[in-house]
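Counted from 1, the sequence shown has number 296 at position 295 by this note's numbering; the numbering is strictly sequential. Beta carbons: idealized from backbone N, C-alpha and C, even for Gly. Remember, predicted model here, so these are calculated numbers, not experimental data. Below: the structure, in structure tokens.
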Amino acid sequence: QASSIAQASSIAQASSIAQSAVDSQTSLSSESPFDSKTSSGSKVSTDVQPSIWLVQGDIDKAWINNHLGQNASLQVPQQLGDELQAELLDLSMMLVVASKDFSKDMARQQSLHHGIDINPVLASRCWRDFGLIAFDMDSTLITIECIDEMAAAAGCGAEVAAITEAAMRGEISDYDESLRQRVLLLKGQSQHLLDRLITEKLVLNPGVERFARHARTQGLKLIVLSGGFHPIIDAVANMIQADAYRANQLGHDQGRLDGRLVGPIVNAQAKASYLMDFARQWGLNPKQTIAIGDGANDLAMMAMAGLSASWRAKPLVARQADLAFVGQGLDAMLEHFQESRSPALSRALDLVLKTHASA
2 QASSIAQASS IAQASSIAQS AVDSQTSLSS ESPFDSKTSS GSKVSTDVQP SIWLVQGDID
62 KAWINNHLGQ NASLQVPQQL GDELQAELLD LSMMLVVASK DFSKDMARQQ SLHHGIDINP
122 VLASRCWRDF GLIAFDMDST LITIECIDEM AAAAGCGAEV AAITEAAMRG EISDYDESLR
182 QRVLLLKGQS QHLLDRLITE KLVLNPGVER FARHARTQGL KLIVLSGGFH PIIDAVANMI
242 QADAYRANQL GHDQGRLDGR LVGPIVNAQA KASYLMDFAR QWGLNPKQTI AIGDGANDLA
302 MMAMAGLSAS WRAKPLVARQ ADLAFVGQGL DAMLEHFQES RSPALSRALD LVLKTHASA
């Protein structure tokens, strides 16, 4: 741990921290940068803590030198001391306090540039405040975009991938039509293409299994809402032991895909509706739900949920998510709940909040 303590000491020096964050609290925001939502989706002020942010990942000297310090938007709370900072660094974490001019957009830009996660941390957030998590599937739960993989096997990969990428960036206004175009290009392919993809390509993203397992132990329902397809979603839902799932159904004829979609399309609006339907089914209101996704067609359900998160998402989505993760696995999100928070981070938060309360 000596090297971590030395690093913590050097961080303090590089940051030029000569006084505690609370001593300069006039420059700090008095409320969390993301407030809680009511059941109607409107915001309510938390006003219980200074603007505290959690940095996770491989924290490099370039980021420290450029973004920490007395004259910077982020400061290291001096009251934590070198040893506690070293414990956090050993866990690839750092706790910082932000000035009023630090914004979510600034955090997202730094995250993309340095490959670290920078998110506001609400000390009082608990798992018991939530009852349901809705996951997107492709590139969120699993490592691939299934339709792109299917198209690659069918020899039209580049064309389909270009449409998928544009749709996920929010550049295509008619998502349903873009999906129909992509599915039509798969016409004539064997249904066994889906089975082969399930057998050979389905891999959960880093941290997904641990995050899902912990959520289940906390009593949350898990659902998967995907613009992808059956039977792929059936396999993925089984991998995380989801309670329910919804996806599109591909048409077929005599063992081959016929280029059609059967039934309603699971688009952005459908995902939001399914989230609300399942919440009502289990006696929950919207603020008791969490939505996690990566593409433009996840934004509606993310806006509906009480807490939204993105994982390696398109910039449009990361900017709108309450929490955005790019460098760590999805299990990095566990640090944002009291019950699953590392003891060192819990102690650090307590110290900062106690000092703030007594100032």
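Can you check which of these residues, I224, Q270, G132, is closest to K288 by C-alpha distance?
Put simply, of I224, Q270, G132 the residue whose alpha carbon is nearest the alpha carbon of K288 is G132.
Rounded C-alpha distance that separates Y246 from Q80:
46 Å
Let me know the secondary structure DSSP gives K222 once reduced to three states.
Residue state, collapsed to three classes: strand.
For E150 and K202, the rounded distance between their alpha carbons:
8 Å
Tell me P121's beta-bridge partners as DSSP assigns them.
Looking at the DSSP assignment, P121 forms a beta bridge with W54.
Where are the alpha helix (DSSP H) runs, 4 residues long or more, that stay fully inside the segment 70–152, in chain order?
82–91, 105–115
Can you tell me whether DSSP reads H231 as helix, strand or coil?
coil
Touching by the beta-carbon criterion (3+ pairs, under 8 Å), the segment 325–342 and the segment 203–223:
yes
Nearest candidate by alpha-carbon position, reference A154, set L187, I143, Q242:
For A154, the nearest C-alpha among the options comes from L187.
Please report the Cβ distance between M138 and L346, rounded to the nearest whole angstrom; I am assuming they are in contact, meaning their Cβ atoms lie under 8 Å.
No, M138 and L346 are not in contact; Cβ-Cβ is about 30 Å, not under 8 Å.
Which residue's Cα is closest to the Cα of P316: M169, V98, S174?
Of M169, V98, S174, the residue nearest in Cα terms is M169.
Here's the rule: buried if 16 or more other CB atoms are within 10 angstroms of the residue's CB, otherwise exposed. What is D61?
Around the CB of D61, fewer than 16 other CB atoms lie within 10 Å, so the residue is classed as exposed.
So V184 and L300 are supposed to be a Cβ contact under 8 Å. How far apart are they, rounded?
Between V184 and L300, the beta carbon gap of about 22 Å keeps them out of contact (Cβ cut-off 8 Å).
Does the beta-carbon of S311 have 16 or more other beta-carbons within 10 angstroms, so that it is buried, or is it exposed?
buried
Going residue by residue through the segment 279–325, where are the continuous alpha helix (DSSP H) segments of at least 4 residues, counting only ones entirely within it?
The qualifying runs are 300–305, 316–321.
Classification of R214 by the beta-carbon crowding that lies within 10 angstroms, buried from 16 upward
exposed
Apart from the five residues just before and just after D259, which ones in its own chain have a Cβ nearer than 7 Å to its Cβ?
Same-chain partners within the cutoff: K188, G252, H253.
For the candidate residues I224, E172, N298, A322, whose alpha-carbon lies nearest to that of I134?
Relative to I134, the option among I224, E172, N298, A322 whose CA is nearest is I224.
Whose C-beta lies closer than 8 Å to the C-beta of Q270 among residues of the same chain, with five residues either side of it excluded?
A301
For L195, the first and last residue of its enclosing alpha helix (DSSP H)
Per DSSP, L195 belongs to the alpha helix (DSSP H) from 193–202.
Are the beta-carbon atoms of T141 and I293 separated by less than 8 Å?
yes
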